[in-house]
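Input: a single structure, listed below in structure tokens.
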Amino acid sequence: MPIRTDTIHAPAVPTDDLRAAVQAASLAPSLHNSQPWWFRIDEHGIDVHADPTRNPTAADPAGRELRIGCGAAILFARLALRELGWTVQTTLLPDPAEADHLARLTVTGREPATADEHSLVLAIPVRYTDRGRYDDRRVPLELVEQLRQAVSEEGAWLRTLDRPGDAVPVTMLLAHADEIERDDPAYTAELAAWSRYDAADDGVPRQAVDPVPVDARATTYPLRDFDVDGSVTAGYVAAQDPPPVERSYAALIGTPGDDDRSWLEAGAALGRLLLRAAVEGVNAQPMTQVLEVPAARIGLARELGVVGHPQMLLRLGYGTGRPITHRRSVDDLIR
Ligand SMILES: Cc1cc2nc3c(=O)[nH]c(=O)nc-3n(C[C@H](O)[C@H](O)[C@H](O)COP(=O)(O)O)c2cc1C
126 MPIRTDTIHA
136 PAVPTDDLRA
146 AVQAASLAPS
156 LHNSQPWWFR
166 IDEHGIDVHA
176 DPTRNPTAAD
186 PAGRELRIGC
196 GAAILFARLA
206 LRELGWTVQT
216 TLLPDPAEAD
226 HLARLTVTGR
236 EPATADEHSL
246 VLAIPVRYTD
256 RGRYDDRRVP
266 LELVEQLRQA
276 VSEEGAWLRT
286 LDRPGDAVPV
296 TMLLAHADEI
306 ERDDPAYTAE
316 LAAWSRYDAA
326 DDGVPRQAVD
336 PVPVDARATT
346 YPLRDFDVDG
356 SVTAGYVAAQ
366 DPPPVERSYA
376 ALIGTPGDDD
386 RSWLEAGAAL
396 GRLLLRAAVE
406 GVNAQPMTQV
416 LEVPAARIGL
426 ARELGVVGHP
436 QMLLRLGYGT
446 GRPITHRRSV
456 DDLIR
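The opening residue of the sequence shown carries number 126 in my numbering; numbering runs sequentially from there.
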């Protein structure tokens with residue numbers, strides 16, 4: 126354990142403020158809503174830890190997506206502390222001997238939140254993963270530029286899939302990766318294990334699954350099929366005049382590196398992008414099968430001609446849903 130010098134002049138923070146920040150962190154997105162994190166609080170700040178025992182390892186053997194979810198949680202905690210008027214110094218991976226100690230958030234002083242921080246914080250409980258059909262409105266170009274900026278603020282880059290020739294190879298790679306995963310009994314068992322049929326405080330509840338079967342969805346992108354037992358889509362009757370195919374706007378978040386730190390930064394970038402989009406009423410859905418199959422991930426980088434490492438693929442648009450998934454209580458998260 127290294128000697129801590131960061132708290133010598135740090136102010137004492139009320140426990141309620143730290144708990145509010147942990148609560149905000151808990152609302153971050155995570156793979157299968159696994160919430161693979163826990164927290165320790167002291168009067169000067171918050172330590173964020175990974176909980177690898179909760180990680181869906183068939184989909185994410187390296188803990189890459191775990192760190193993406195935790196990176197978003199760290200951002201949400203940072204923003205919540207800013208909203209409460211605290212300045213925060215964030216140290217990623219503060220202890221080289223402890224890889225699961227992901228971040229130390231040290232409160233350094235007081236300063237009112239900016240208008241931008243305030244609007245992002247208001248979006249934390251409003252943001253959710255929308256798996257339904259998006260309507261025909263285009264994501265405005267000005268917003269796309271804001272999303273690019275949001276992602277680069279956290280050290281990542283955004284490659285929007287709006288060039289001719291982008292959609293077809295990405296669709297094919299996604300379909301290929303999805304097929305490989307669905308053929309893997311460990312993957313399907315894990316997806317079933319994170320499916321929820323009651324009011325559990327984690328996992329993906331039936332209500333968060335689109336009632337339209339994945340192969341009949343309006344989007345051209347193959348989406349992860351959470352309807353593991355077919356119960357959600359069982360009553361589906363195709364409309365006689367199905368709506369036109371959705372013009373999903375898709376984007377890829379990537380990072381220059383591909384290590385624990387890069388994954389945390391990609392997560393913060395994801396969190397900032399999702400909140401900025403939510404402020405403007407735009408929803409998103411990750412489509413990460415293509416990033417979970419190594420050959421498909423390499424193919425994605427090659428097809429899109431990106432320098433660096435793809436971390437998170439999203440579709441973006443105007444959905445009609447609402448937040449549905451549940452979270453563990455703050456008491457369960459603080460050790
Ligand atoms: C790393 C990561 C990968 C994800 N992959 C997918 C995906 O492939 N398909 C999907 O529908 N949702 C995906 N999600 C969204 C999670 O399922 C979602 O965040 C979680 O269920 C919590 O729900 P919420 O986002 O509505 O709060 C992913 C989220 C993260 C952080």
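Note that the Cβ used here is the ideal one computed from N, Cα and C, for glycine as well.
- For Thr413, the distance from the CB to the nearest heavy atom of ligand 1 is below 7 Å.
- Between the alpha carbons of Gly355 and Leu348 lies a distance of about 15 Å.
- Here Met297 carries a helix assignment [DSSP, helix/strand/coil].
- Taking 7 Å as the cut-off, the C-beta of Leu441 does not count as close to any heavy atom of ligand 1.
- Counting of Cβ neighbours within 10 angstroms places Tyr346 among the buried residues, the total reaching 16 or more.
- Separation of Leu316 and Glu223 (C-alpha to C-alpha, rounded to the nearest whole angstrom) is 29 Å.
- For Asp220, no pairing in a beta bridge is given by DSSP.
- In the DSSP assignment, Pro435 falls within the unbroken beta strand (DSSP E) covering 434-442.
- In terms of Cβ geometry, Ser151 and Arg440 do not form a close pair [threshold 8 Å].
- Taking C-alpha positions only, Arg207 is separated from His157 by approximately 28 Å.
- Secondary structure note for His174: it is in no alpha helix (DSSP H), and the uninterrupted beta strand (DSSP E) holding it is 170-175.
- Taking one beta carbon from each stretch, the segment 239-254 and the segment 397-409 have 3 or more pairs nearer than 8 Å; the two touch.
- Residue state for Arg331 is assigned as helix, using DSSP reduced to three classes.
- With respect to the 8 Å criterion, Leu458 and Trp163 are classified as neighbours on the basis of their beta carbons.
- Judged by DSSP secondary structure, Ala375 falls within the beta strand (DSSP E) whose first and last residues are 374-380.
- Linking Ile305 to Leu438 through their CA atoms gives a straight-line distance of about 18 Å.
- Distances taken from the Cβ of His157 to the heavy atoms of ligand 1 include one shorter than 7 Å.
- Ala145 and Pro139 have their C-alpha atoms some 10 Å from each other.
- The C-alpha of Pro161 lies about 22 Å from the C-alpha of Gly379.
- Within the same chain, Val213, Thr215, Leu230 come within 7 Å of Arg203 by CB-CB distance, once the 5 residues on both sides are set aside.
- Of the residues assessed, Pro186 falls on the exposed side of the cut-off, its CB having fewer than 16 other CB atoms within 10 angstroms.
- By a beta-carbon distance limit of 8 Å, Leu217 does not contact Arg342. Their separation comes to about 37 Å.
- Inter-residue distance for Ala420 and Pro294 is about 14 Å (C-alpha atoms, whole angstroms).
- Per the coordinates, the alpha-carbon of Ala318 lies some 25 Å from the alpha-carbon of Val173.
- Inclusion of Glu190 in the 7 Å shell around ligand 1 follows from its C-beta lying nearer than that to a non-hydrogen atom of the ligand.
- Here the distance from the Cβ of Pro435 to the nearest heavy atom of ligand 1 is not below 7 Å.
- Closest option to Thr296, judged by alpha-carbon separation, among Thr450, Ser159, Gly424: Gly424.
- A heavy atom of ligand 1 is found nearer than 7 Å to the CB of Gly194.
- Beyond the five residues adjoining it in sequence on each side, Gly257 comes within less than 7 Å, by CB distance, of Asp335, Gly444, Thr445, Gly446 in the same chain, given in chain order.
- In its chain, beyond the 5 residues on either side, Glu390 have a beta carbon closer than 6 Å to the beta carbon of Gly280.
- In this chain, the beta strand (DSSP E) harbouring Gln410 covers 408-411.
- For ligand 1, no non-hydrogen atom lies closer than 7 Å to the CB of Pro336.
- Counting of Cβ neighbours within 10 angstroms places His434 among the buried residues, the total reaching 16 or more.
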